[in-house]
Amino acid sequence: MSGSLEQPAAGHARPSTTTIPAARKLANGAGMSSPGHRASRGQRSRLSMSSDARAPPAAPPPSKPGFLTRVFPVCAGATLWHHRRMIAARRALGPVLAVSVVALAAVTVMVGVDQGAPSSFLVTDTAIGLLFAIAGLVAWERRPEARSGPLLLAAGALWFVGSYAPTSLVPYAVLGFAFERYYDLVLAVLVLTFPDVPPTRERKVLLWLLAAAYVARSAARLFIDCGCVANPFAMVEDQSLFETTQVLTSAVIVAAALGVAVSALRRLLRAGPALRRVLQPIVAAGVAAALVAAWDSSDLITFIATGDGLVRAPEPWREIISWAILGVVGLIPLGFLAGTLRLRLAHGAIAPLALELDRGTDPLRLQLALRHALGDPSLELAIWDRDRAEWRHSDGRRVAELTEDDVRTVTRIDRDDEPIAALLHDRALREDPGLVAAATAVLRLAVENERLAGDVRHQLEEVRASRARLVEAAEAERRRIERNLHDGAQQRLIGVALVLREARTEARRNVPDAPFLHRLDDTADELLAAIDELRELARGIHPTLLTDAGLDAAVTSLARRSAVAVELDIELDGRLPAPVETTAYYVVAEALANVSRHARARSATVRLRQRAAQLQVEVIDDGDGGAAPRPGSGLSGLVDRLDAVAGSLHVDSPPGCGTRLRAVIPCG
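Residue numbers for the sequence shown follow the UniProt record's numbering, so the first one is 1 and each next one is one higher.
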């Protein structure tokens, strides 16, 4: 290495192909300059150091805020404020930090003007820093729970730190020189962990290497006097040691930055279709930043070793290349912003998923909706069957075991430690846990609601079955009582009536003028009337005719006994199940009873229609109307009876316009 290197002084162009060290600008008193101005100056410098030695950052997983806090405290909030309850506060804090970055930019511009920096350079330098701030503010507003916004704002603030390196302000120039290019460290964290993904062991190693290299380089620039600028922090004056530390740290930065680029590209290639679309601008921006950092450090090593940079083209090509690299750097914040917006669009696919789930929770439809929302055509949905205690595919097939492999992984959905469903999906989806979490949350609600609805349906079926059993038990008891009355009391009374009739005949033959014969006649008539009443009571409890001859004959009998004229319109295909016939009979009986007692009708019509798997019963009268199934009324009892057989009752009875009672009874 040369102790005194000859190199044209240069301005503050971070990604410069000439990589003119900021400290050399300080030593020359050049102040801020543009890329074009750099080539026109012929002053020499002893400092083997590049202001462009800014490389990508390193940071541990998002769950460990200590590293971020130690290396760049500005973005410590990226991990400390991640809790959901702080989202509102984070959203409000974003504009405050953005204004702070803008204020820092304004101060930097004023310093640049005071130092005589060209306006073209000031505009470009300020615009790039503000692009980082704007991208961070938009990302923070769109996704306040993520750390991409705070980190991009931190990158904008750190961008302006290096702007103080080529000034004559002590100690700010030394601090800017020591801590320049730390924004690359932030960008490396972003590209390897976006969107809030814990880094793998390989990525952790890369980030820690970058962090160690930047910290070591900053320590050397702070505490080793290079002899090129007044350094109030210097503790050792040894140019050879200074150059050695710069070469070693720059070599580590080159290797780690290239590793970051390769790791980001591998991550992109392994991602699923949906995540790949989100990562494309992020990876493009991150790889560009890593390559620029690697180029800058390589240029510094070359300059220290040979006294010249990597690009040795004559002007104006040197300046054109320098501006081209500045243009690439200017696109980096836009790439990160595009990725953040695409991630929001990807998460927006959850809304159509929720709408699709609202239309139904058929497992096959759920699986198709999830495939579309997560961008994984290989995704499979498994539903937990509580009754059988096993997993089932969306098509109903049994799942032997939920297994993972190198390509696919399993995300289980539980509620209160009880499994609900599971997703077998592309392992790359774990790169976006927020998207998967949103989809599983929507799915959990849908499946749980369907499960609750199923429980309610099951309970309703149990209630309906219980009602049916009660009705059947009541009907069985009615039939028993009717048989007992018919075969017991009624037959005995008929026997007594026959004996009494024989006794009366015998007495009339032997004592034709006896006074008690009239009493025997009256007693016989009363007995026959009691038998008729008992027979009518038995028929009301359960009509024997219904059991023996069917619904048609039983309804015809009701119509004949009705107090009003009844027109019958019956279309039945033979006998129906006993519960159906019994229910229909009592519907007609109750309706005709109401017509006779309350409606003051002149006529009524009874229609029985068997349509497919339903029996339609309709009773119409021309009475006063106003009927309604009030609690405790006969119509209310019909509602309960119909519910027991999954039937329905509709009563249309406007006052003064008659009543139309319509019952529908399943009979399939």
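By construction, the Cβ of each residue, glycine as well, lies at the ideal position given by its N, Cα and C atoms.
It is roughly 35 Å from the alpha-carbon of Ala257 to the alpha-carbon of Arg371. Judged by DSSP in its simplified three-state form, Arg181 adopts coil rather than helix or strand. In this structure, DSSP gives Ser394 a state outside helix and strand, which the three-state scheme calls coil. A residue is called buried when at least 16 other Cβ atoms come within 10 angstroms of its Cβ; Cys667 meets this threshold and is buried.
Residue environment analysis places Glu401 among the exposed positions, since fewer than 16 neighbouring C-beta atoms fall within 10 angstroms of its C-beta. The continuous beta strand (DSSP E) containing Ser648 extends over residues Ser648 to Asp652. Every candidate alpha helix (DSSP H) stretch fails here, since none sits fully inside the region 451-507 while reaching 4 residues. Separation of the CB atoms of Pro195 and Ala146 is rounded to 6 Å, and the pair is thereby assigned contact status at 8 Å. Per the coordinates, the alpha-carbon of Arg386 lies some 47 Å from the alpha-carbon of Ala627. Inter-residue distance for Tyr172 and Ser218 is about 14 Å (C-alpha atoms, whole angstroms).
Around the beta carbon of Asn231, 16 or more other beta carbons sit within 10 angstroms, so the residue counts as buried.
Annotation: Arg611 is outside any alpha helix (DSSP H); the continuous beta strand (DSSP E) that includes it extends over Ser603 to Arg611. Thr245 and Ala213 have their alpha carbons spaced roughly 10 Å apart. In this structure, DSSP gives Asp532 a helical state, which the three-state scheme calls helix.
The beta carbon of Ala234 lies closer than 7 Å to those of Phe223, Ile224 and Asp225 in the same chain, with the five residues before and after it left out. Annotated three-state conformation of Leu568 is strand, per DSSP. A direct Cα-Cα distance of roughly 7 Å separates Leu151 from Leu190. Around the beta carbon of Pro144, 16 or more other beta carbons sit within 10 angstroms, so the residue counts as buried.
Around the Cβ of Phe177, a 10 Å sphere holds 16 or more other Cβ atoms; the residue is buried. Taking the CA atoms as reference points, Glu450 sits about 11 Å from Ile420.
With contacts defined by Cβ atoms closer than 8 Å, Leu517 and Leu500 do not form a contacting pair. Glu401: not part of any beta strand (DSSP E); DSSP gives it neither H nor E.
Inclusion of Asp125 and Ser100 in the CB contact set at 8 Å is not warranted, their separation being larger than that value. In the structure shown, Arg560 adopts helical secondary structure according to DSSP, grouped into three states. Here Asn510 is exposed, its C-beta having fewer than 16 other C-beta atoms within 10 Å. Leu592 is positioned such that its CB atom lies closer than 8 Å to that of Ser562. Assignment of Arg430 by DSSP, reduced to helix, strand and coil, places it in the helix class. A check of alpha carbon separations from Thr547 across Ala529, Leu576, Leu527 and Tyr183 identifies Leu576 as the nearest. Thr505 counts as exposed, since fewer than 16 other beta carbons sit within 10 angstroms of its beta carbon. Counting along the chain, the unbroken beta strand (DSSP E) around Glu618 starts and ends at Gln614 to Asp621.
In the displayed model, Leu576 falls within coil according to three-state DSSP, outside both helix and strand. Residue pairing of Trp384 in beta bridges, as defined by DSSP: Trp391. When C-alpha distances from Pro377 are compared across Leu275, Val138 and Asp513, the shortest belongs to Leu275.
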